[in-house]
Every structure is written in C-alpha cells, then in structure tokens.
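Protein chains in written order, with this note's numbering: chain G, 120 to 915; chain V, 980 to 1209.
Even glycine gets a Cβ: it sits at the ideal position worked out from N, Cα and C.
Heads up: the structure comes next, in structure tokens.
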Amino acid sequence: MATELDAGRGPSSAGDPTPNFPGDLPITPAVIKQHKLTAEEYGRIEGALGRAPTYTELGVFSVMWSEHCSYKSSRVHLKRLPTKGPRVIQGPGENAGVVDIGDGFAAVFKMESHNHPSFIEPYQGAATGVGGILRDVFTMGARPIAGLNSLRFGRPDHPRTPELLRGVVAGIGGYGNSIGVPTVGGEVQFDPSYDGNILVNAFTCGVARADRIFYGRAAGVGNPILYIGAKTGRDGIHGATMASDEFGEAKEGKGELATASSIKKGVRSTMQVGDPFMGKLLIEACLELFAAGVLEGIQDMGAAGLTSSSVEMAGRADNGLELDLDKIPRRARKMTPYEILLSESQERMLLVAKRGREDEVFAVCKKWDLDCAVVGRVTDTKRWVVTATPGYDPLDGAPPRGEKRVCADIPVASLTDAAPVYDRPRKAAPPRADVAVPDTTDPRADLLALLASPNVGSRAWIWRQYDHIVRGGTVVRPGSDAAVVRVPCERDGAVVMKHLAFAVDCNGRFVELSAEDGAKMAIAEVCRNLVCSGAEPIGVTDCLNFASPEDPGTMDQIARAIDGLGEACRALDVPIVSGNVSLYNETNDAAGRRPILPTPTVAAVGLVREPEDVVTQWFAREGDVVVLLGEGDEALGGSEYQAMKTGQLGGPAPRIDLAAEVRLQRLVLELARAHVLSSAHDAADGGLAVALAECCCTGPSLVGAEIELPATTGSAAGALFGEAPSRVVISTGAAHEADVLARAKAAGVPAKVVGRTTAAGPGATLSIRAGAHRLDVPAADLRGARERCLSGIVGT
Amino acid sequence: MQAAVVLFPGLNADAEMIRTLELVGAKVTTVWHTSAALPAGTDLVAIPGGFSYGDYLRCGAIAKVGPIMKAVAEHAERGGYVLGVCNGFQILTECGLLPGALTRNLHLRFECRDVFVKVTADGPFSPPSGEVLRLPIAHGEGRYQASAEVLARLAGEGQVALRYCDERGAVGEDANPNGSVDNIAGIYGGPKKNVLGLMPHPERMSEACLGGTNGRELFDAVVRARRAAS
Chain G
120 MATELDAGRG
130 PSSAGDPTPN
140 FPGDLPITPA
150 VIKQHKLTAE
160 EYGRIEGALG
170 RAPTYTELGV
180 FSVMWSEHCS
190 YKSSRVHLKR
200 LPTKGPRVIQ
210 GPGENAGVVD
220 IGDGFAAVFK
230 MESHNHPSFI
240 EPYQGAATGV
250 GGILRDVFTM
260 GARPIAGLNS
270 LRFGRPDHPR
280 TPELLRGVVA
290 GIGGYGNSIG
300 VPTVGGEVQF
310 DPSYDGNILV
320 NAFTCGVARA
330 DRIFYGRAAG
340 VGNPILYIGA
350 KTGRDGIHGA
360 TMASDEFGEA
370 KEGKGELATA
380 SSIKKGVRST
390 MQVGDPFMGK
400 LLIEACLELF
410 AAGVLEGIQD
420 MGAAGLTSSS
430 VEMAGRADNG
440 LELDLDKIPR
450 RARKMTPYEI
460 LLSESQERML
470 LVAKRGREDE
480 VFAVCKKWDL
490 DCAVVGRVTD
500 TKRWVVTATP
510 GYDPLDGAPP
520 RGEKRVCADI
530 PVASLTDAAP
540 VYDRPRKAAP
550 PRADVAVPDT
560 TDPRADLLAL
570 LASPNVGSRA
580 WIWRQYDHIV
590 RGGTVVRPGS
600 DAAVVRVPCE
610 RDGAVVMKHL
620 AFAVDCNGRF
630 VELSAEDGAK
640 MAIAEVCRNL
650 VCSGAEPIGV
660 TDCLNFASPE
670 DPGTMDQIAR
680 AIDGLGEACR
690 ALDVPIVSGN
700 VSLYNETNDA
710 AGRRPILPTP
720 TVAAVGLVRE
730 PEDVVTQWFA
740 REGDVVVLLG
750 EGDEALGGSE
760 YQAMKTGQLG
770 GPAPRIDLAA
780 EVRLQRLVLE
790 LARAHVLSSA
800 HDAADGGLAV
810 ALAECCCTGP
820 SLVGAEIELP
830 ATTGSAAGAL
840 FGEAPSRVVI
850 STGAAHEADV
860 LARAKAAGVP
870 AKVVGRTTAA
880 GPGATLSIRA
890 GAHRLDVPAA
900 DLRGARERCL
910 SGIVGT
Chain V
980 MQAAVVLFPG
990 LNADAEMIRT
1000 LELVGAKVTT
1010 VWHTSAALPA
1020 GTDLVAIPGG
1030 FSYGDYLRCG
1040 AIAKVGPIMK
1050 AVAEHAERGG
1060 YVLGVCNGFQ
1070 ILTECGLLPG
1080 ALTRNLHLRF
1090 ECRDVFVKVT
1100 ADGPFSPPSG
1110 EVLRLPIAHG
1120 EGRYQASAEV
1130 LARLAGEGQV
1140 ALRYCDERGA
1150 VGEDANPNGS
1160 VDNIAGIYGG
1170 PKKNVLGLMP
1180 HPERMSEACL
1190 GGTNGRELFD
1200 AVVRARRAAS
C-alpha cells in the first residue's frame, strides 16, 4: 500500500485543469440550470476561478453552494442564535456540538434531517439518516450513547402514509439496532401538509473525554489524507443538491442530475444505501484511532461526500489540500472524477493522520477489515486540487496509463466562507383566520377520541421496533417526558457514571399560527420535558425544516422562528450548539404550492445531577397529592381538539410568557432535586385532560385519580383540551404537599392542588370535574385508547 | 469465576454483559474472534448479543466459523459453562452446540420490550424451577424452531430452560413474543447442561435502576454452581 502520493506523477498546480475528462458533459445553460445554479452564481464561479469551470468543478460548486451545504438562505439569520455558554466546548460549525458535562467529559450531539431520501425510499432514507448523524458524532471522538428521532407524515388516511411510516421506523431500527446505539425517544405527528414531503430528523448524542475532542480540520501541512471505510460507488450522487429541491410532479426524477453514465445506463443515482455493520466497524476502528493519538483531523463523508469533507476540513484549518482520485477505493466501474467526488456512498471517513503514523492507521483498519488508502495530503496553497488519470479504473487491475491530470483546482474559500449568502426577501403572510371550535358536549368521549388520535396516543408500536436498551444504560425508557441514559465514562481505568436526559419537540401548528411564539414553545417544551425528568437542560440542537426560502412568506417564517428559538434559549439560558437546515420542503403540483407546516424541530440534552433526581411522568401510587403548576389561557387554536372537531388550523393560539416559563422550569428542577416529586408531566398535545390521562396509564401499573380543575371563565373544552404551554402536572406525597406549595410560592409559580391519586391496579379510574362536567373513565380504557392510536394506519 | 466474553465484529451487547458479570464477582476477559484459544482457567464463555457480521447471510452463520469457536466447542465438550444471549444464542445454534434454529419473528418486526419467562428446567444457570422472571427482549429473529424429534428430546431431558409466559406464570401463545415453538425462550445443551442459549437479555435486567434484577439471578446461579462444583 502506498503511503505517499507518487511524487513523480504529482499535479502541477500552476496549470489549468483539463477541461474534458472522459464522460464529462459540455457546460451549457441547461446543464448549469440542472445543477441548480443561477446565471449570477455561475458568473461568480467564473470570477472565483478566473476562467470557466470544468464539468467536475461545476458539480463541486453545485453541491458546495447548495442550500444543504452552504446554508445560503439561512446563514444571515442563524447568526442571531445564542451559541455560547460556560459549558460550550464547541458550537455550530463543526460536525457536532460539544458541551461539558463535568469530571472531564463532554456530551457531543447533533440532529440532522434526511427528509427527501426518506420520501423516495423510506427504509434506506431513514437508515442512512441515522448512519449519517452517528458518524457526525463519533467523528468528534465520542462513543454514541443515544439516538432520538422526530418524524412527520401526511394525514393518517393518505395512501402512502402506512408504507412510509412502516419503512421509516424499520429503517431507523434497522440501522440503530444493528449498530448498537439505543434509540431512546422521539416524536411523530401526522398532518396533511406532509402528504408529499415527510420529515425524518435524527439525533445522536455521544460522550467523549473533554480533552480528546477531534475536529474536522486538515491541520499540518504535509500530513497525509486517508480514506477509510466502504468503497465508493455511484449511489447518492447529488444528494445534497436534491435536498435543496422541492418535490415536483415528476417525483421519480426528483433531484436526479444527468451524469454521463446515468444517461447512458439509465441508472438512478440519488439513493444512498446504508450498511450498519460497516458503520459499527467504523465506530470501533475510529475510537481506537482516537485513543492511539495518530489523527490530526477527521470527518465523515456525508452530504456531498469526498468533496465536502475534504473542502470543509481544508477550510476550517485555512489550508489547501490535494486529492488523488486514482487512489480512491471503489466498487463501481469506470467512475468519472465528477462521480467520485460527488458520490454519497455511505460509511466512509476522511482522516488526516500525523505524518509517519500511517502504518498505525493501516493496522487498526486491518483489525476491523476496513479499506484504507492514502489519497492526498495537506498543502499550504489554500487551494483544493484534485487529480486523476483519465480512463484509469483500479478495478481493471492494470496500473494507470498516461498522464495524471488536474480535474479541479479551486480556491478553498470560494467553496466555503465565500459561498453565496442571500438575505432573501421577506413578507409576512396574512395570519391564519380564527377558527371557532364547538365546546365539548361529551368530554369523556372527546378525551378517549383524543387519546386514540395518531397525534396524541401511544408511540409504543414505533419504539418497540427500536432497541432502546442496548448497552444496558437506559434508566428511563421511551414513553416518559424524556429518556434518561446512564453512561459509564471511563478515563485511565476509573469510571464515572453520568446520567443524561434527552427530548425532542416541535409543534408545527403553533409555528404556523405564529412563527416566533411557536418556536419559543418548541424550546420551552423540550426543556420542560427535561426538567420534568429531573435534568438540567445544557444544550440544544435544531433541525429547521421549512418550505422554499424563495417564497417571501416562508422566508419570513424562517427568520421569525429563528428569532423565537433564540429568545427562548436566551431566557432559559441554554445554548444551541449544532443543527441543520432543511428547506424546500414543499410540493408543487397541479393543485398548486403546498408547503409543509413550518417545523423547527429542537432536541435538548439534560444533565442529571444525581440518579435519585430522576422523575417519570406517571402517577406512582395511591394517595399522592396532584398539583398543577403554572397556568395558561384556554385558547384552542392549534390544538389537537381544534383539528379533531373542525379539520382546520386557525387562531386564536395560546401565547407563551417566557418569564413564567423560566420560573416554572426552575421550580420543577428544584422539586426534582429536593426528591419530593412522585411524578412530573408536561401538559402538551391534547391539553390538561390528556396529560392527566397519561399520568394514570403510562406507568408500569395503572393509577387512578380524582381531579377537580380550577373554575374557568372560558369553555370546558378549553379547560380540558386547550394546549397552553407552561403547565406541569406533578404528584407528591401528602407529607411534602406544604413544602411543594411553599417552594412554588417562593418561586412565583401558580400552584393549585387539583386532586389526589386513587386506587392503583386494573380497577383504577380517572375522574375529572371541570365546571358542570364530570367524567369518569377506567384507566384501562385510557390505556386502550392510547394503544390503538396507530392501528388505523399500521393495523393491530 | 473467570469469564471470557467472546467478541465478533458487529456484536454490540458486550458492555452490559461485562458489567453484569463483574457485578456478580466474575473476573472478565474479552477474547477477540481471531484468537485460537480461551484464556487459561476460563470457567464461563459468554457470547453477547448484537449483529455479528451484520447478520448478513444468516444470523450467526459467519461467526460460527470464527477461529475462536473451536476452542469454545472444546470448552463446552469438557463441561465448561457457555452462555449465548440473543445473537450469542443464534451463534450457538449455528455452530451446533445447541439444537434447532432461530428464525424471523412471526410478526416480522424487530421487537424490544419486557416479557415474562418461566424457569422450566434445573441447570447451572437456572433460578428455582417455576420462578417467573421479567426480562427484556430485543430481536428480529428470535423464533425458536426445531424438529419434533429435537423438541421431544429437549422436553424429555429437561433441557427447555425458559418458556415465555404471562405475569402470573401461565405459559401460552398469548405471551409468546415471536412465535417460538412450544413458547421456548431458552434451551440447555452440552454434556452437563452446561451450555445455555436464550433470546431474552438477562444482562440488561441486572440492576434495579434498569427496571429490575431478575436477569442477574441467572448469573448468580452460575456463580453458585461454579462454587459448588469446585
């Protein structure tokens, strides 16, 4: 195996690249348009190069300047997010965010979308989404310890919804289960706006030594670049560009750019295929390489593959880089430089090793049966120079013949920092009209119907297909407000047990009604879920899923949602340390433009001070006092009740008071840490009545409750099913009642004793009195309703 | 007790296996699949769960030809303890140390949840016969199948270690999570019932904070058996 580039055949960086490699297409206005580049952007490319680009270079600019890689429409707004804090070791801009969790360890996490591939091929799209985010995390030196996901599907009775739901869930499980990272939580919603454009957002958290974080930087001029992992094929070419495209009428052709070979062979080239076994080998091999101290930098070949990984690594280190494509391991024949550079074949990593230690990398790769090759080196030219021998195919078995030529020679900065940035026009869309909602006449039936709604009921059918307990650390499994995972953190033989909590949230309906308030509510809820589990929120990652930024109304939502996220994070003092933006989530067909609900999904990581602080959502035993903390208006706009009764989405939506939210969350965490809580549960989808029902029936045994809701001025439906934020249902032993109320008073949080828990077991009953209404429902019926919520989609 | 945890590429339930063995006082060594021998003095060989070789070809079918498996077979023939959990069970059936086979779950989905199993045979890993244990499962291919002849032999020789049951211990199809024949969750083999394979994960139910300690009882039992034998 060669450990150096062949010196005699190296490129001359002075010469212009060879314009035509075999297989290249001539650059015409149509080809430029196919690459999603505007005429103005093409002009910028010529300016950056001082000449016309080669076909290979055009492809490279196309992916690097895609929305997915460059954040060109969102970057000006993302700057407003709070990304710093005393715990932050690494904020956005790297492969993942890094937050200090004490004792010399750090949590490394990020969430990313894989929306478009998952709509085309749900199993592989979701599986490779999980694989990609896992690599983003372990590439920072962390062992992945938990995964979550946030899913959006079309209306439950849409003909594709069952297949998409089954495929996505099986794909997430297929990858996560095999690779051995527990999938401990998530959320899912169904709405017609996602009929033609589902969302699959995957989150991974890992844990690393804080003094051993690895970065995607091509540091050290002269250091070798190594490629390890799966061989390169034609799969996934232009995935990043596809991710920046809306779905059109001809969905089959979506995102598919004509490459010479795809035209000739008629092959489809945009779907990646995952191999979790290879992913597992990569994790273990990389963790060994990190520990051996032989690496300077490392990055996953994710979206835009070899191109973006090498360009971004060079950019972050302010260096140049040379790549020799002849050395790239491959599994497809006759690949052109264009195809090799843009392939999104999965399970590949790009490493920068310390010079002279290549053999140690090879030895580890041999142990794990991984391909490994030196494919380039770090230079000081600040240019990204790629060479290949025209017509050479290593799979022919013959050595390269003829002269090695330069196929791309591009200033690194023109692909990264100097990529186009747009402050796109914004215009607030007219607010949605108010939608009047009939009051409840049969609250018992309405409660059971809400619990059986696909948006509200049990997600057990989903999370039972995920191994949520592998590695033996899942202390709170899926189904509570947040999952809690115990992580043994080892350093020099000594083990410290850390407990981390995870939650993910977003309600696109509220974001649609008010982008700013809805985004605030998402942050508030995800952090509320953590404090309800006894954890302090220490960092957030986001996945901003929106429709086309070229629509001024959508652009306005994006900007306002970012403002809302930022304001809520500042109020709650939690930084956003990583994230991803997914735009163009819309359908354009004969019926017109159909944007998805704006969906800025947020996931949060919480740190549990000591294991005894952990709290779960379900009532624990008979005789506890049930207390409602916080209060909110009874507006039904955006609620599941409104959707169920009217089939429409409209105001007036509940508002959020961030100051009240902060007080509430501080109090709940204080109570958890004082060990006076038997349970704590955030009131969210379906409102207070649904939250109380969940408290009765989601635990290991059914527990009843006798509840009297505070008198209200509004409708009974508003009191029972309104989804005002900033409310938590807690239960506490009678001995702690006075203490809890005193602490609430001191904290300035409204607290009302609303009832007591009653007999546990199969005969447990939830009784609620709200004004003139009274409902009594056996907890077994509540559980039964929840458990059939997805049966209309996937059967029983 | 000296325990050797055998590792193949793709196995992923090693951390909890090692932790549980250490909790019951075992001295644990990990053995990579390319080794030809077990560490001297090994009492127990444990093959954890996961996806050896990605479950490609067939669960356990590639691992069974790993160099270490010859040493594991010899250890088993000598009466040494062997425990295979989940993929470990699949590897033991593939290599013939245990009879039968594990096929795709009847409902065709991966299933991860707690189930109940009843102890239905005496043996070195067994808590008292008749006891009902709450243990988690996490598998897509855990449907135990065997010929009528094998099933008769297993039953006749008291080698059906565990059967799926409900909370009260009633064995039946309603409590069977994967369609296993005769509700079989685990079986004994080897000359002295010294080999146990089971689909549930006792090593993930070995601490109160993980939902219970029923799983630890199997490990405590084999530690006691080892002590009694010496």
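Local conformation of residue i per DSSP, three classes
i: Ile529 of chain G; result: strand
i: Gln391 of chain G; result: coil
i: Glu1136 of chain V; result: coil
i: Thr1009 of chain V; result: strand
i: Val150 of chain G; result: helix
i: Lys399 of chain G; result: helix
i: Leu567 of chain G; result: helix
i: Gln308 of chain G; result: strand
i: Asp895 of chain G; result: strand
i: Ala1164 of chain V; result: strand
i: Pro448 of chain G; result: coil
i: Glu371 of chain G; result: With a pLDDT of only 35 at Glu371 of chain G, under the threshold of 50, the placement of this residue in the model should not be trusted; the figure read from the coordinates follows. Note: Glu371 of chain G maps to helix in three-state DSSP.
i: Asn1155 of chain V; result: coil
i: Gln1069 of chain V; result: helix
i: Phe917 of chain G; result: The requested residue 917 of chain G does not occur in the structure, where chain G is confined to residues 120 to 915.
i: Ala835 of chain G; result: helix
i: Ala870 of chain G; result: strand
Same chain only: Cβ atoms within 8 Å of residue i, ignoring 5 sequence neighbours per side
i: Glu240 of chain G; result: Gly286, Met390
i: Val594 of chain G; result: Val603, Val604, Arg605, His618, Pro730, Val733
i: Asp1046 of chain V; result: Contrary to the premise, residue 1046 of chain V reads as Pro rather than Asp in this sequence. His1012, Thr1013, Ser1014, Ala1015, listed in sequence order.
i: Met183 of chain G; result: Ser189, Ala423, Thr426, Ser427, Val430, Leu534, Thr535, Ala538
i: Gly1004 of chain V; result: Met980, Val1202
i: Gly911 of chain G; result: Pro275, Asp276, Pro573
Residue i burial status per 10 Å Cβ neighbour count (16 or more: buried)
i: Val1044 of chain V; result: exposed
i: Ser185 of chain G; result: buried
i: Gly1109 of chain V; result: exposed
i: Lys1049 of chain V; result: exposed
i: His1086 of chain V; result: exposed
i: Met616 of chain G; result: exposed
i: Arg712 of chain G; result: exposed
i: Val984 of chain V; result: buried
i: Gln736 of chain G; result: buried
i: Val505 of chain G; result: buried
i: Pro544 of chain G; result: exposed
i: Val179 of chain G; result: buried
i: Asn991 of chain V; result: buried
C-beta contact flag for residue i and residue j at 8 Å
i: Phe840 of chain G; j: Asp561 of chain G; result: no
i: Val700 of chain G; j: Ser193 of chain G; result: yes
i: Leu632 of chain G; j: Ala772 of chain G; result: yes
i: Ser269 of chain G; j: Val693 of chain G; result: no
i: Asn1084 of chain V; j: Phe1030 of chain V; result: no
i: Ala870 of chain G; j: Val556 of chain G; result: no
Expected contact under 8 Å - CB spacing of residue i and residue j to nearest Å
i: Arg502 of chain G; j: Asp536 of chain G; result: Not really, about 14 Å apart at Cβ, beyond 8 Å.
i: Gly1165 of chain V; j: Gly1058 of chain V; result: Not quite, the Cβ-Cβ distance comes to about 19 Å (not below 8 Å), so this is no contact.
i: Lys399 of chain G; j: Gly299 of chain G; result: 6 Å
i: Arg782 of chain G; j: Ala866 of chain G; result: 6 Å
i: Pro1179 of chain V; j: Leu1114 of chain V; result: 4 Å
Same chain only: Cβ atoms within 6 Å of residue i, ignoring 5 sequence neighbours per side
i: Asp553 of chain G; result: Gly769, Gly770, Pro771
i: Pro656 of chain G; result: Cys646, Leu649, Val693, Ala723, Gly725
i: Arg689 of chain G; result: Pro201
i: Arg907 of chain G; result: Ala571
Close-in-space but distant-in-sequence residues of the same chain around residue i (CB under 7 Å, 5 per side omitted)
i: Val262 of chain G; result: Correcting the residue type first, residue 262 of chain G is Arg in the shown sequence and not Val. Excluding sequence neighbours, Arg262 of chain G sits near Gly325, Val326, Leu406.
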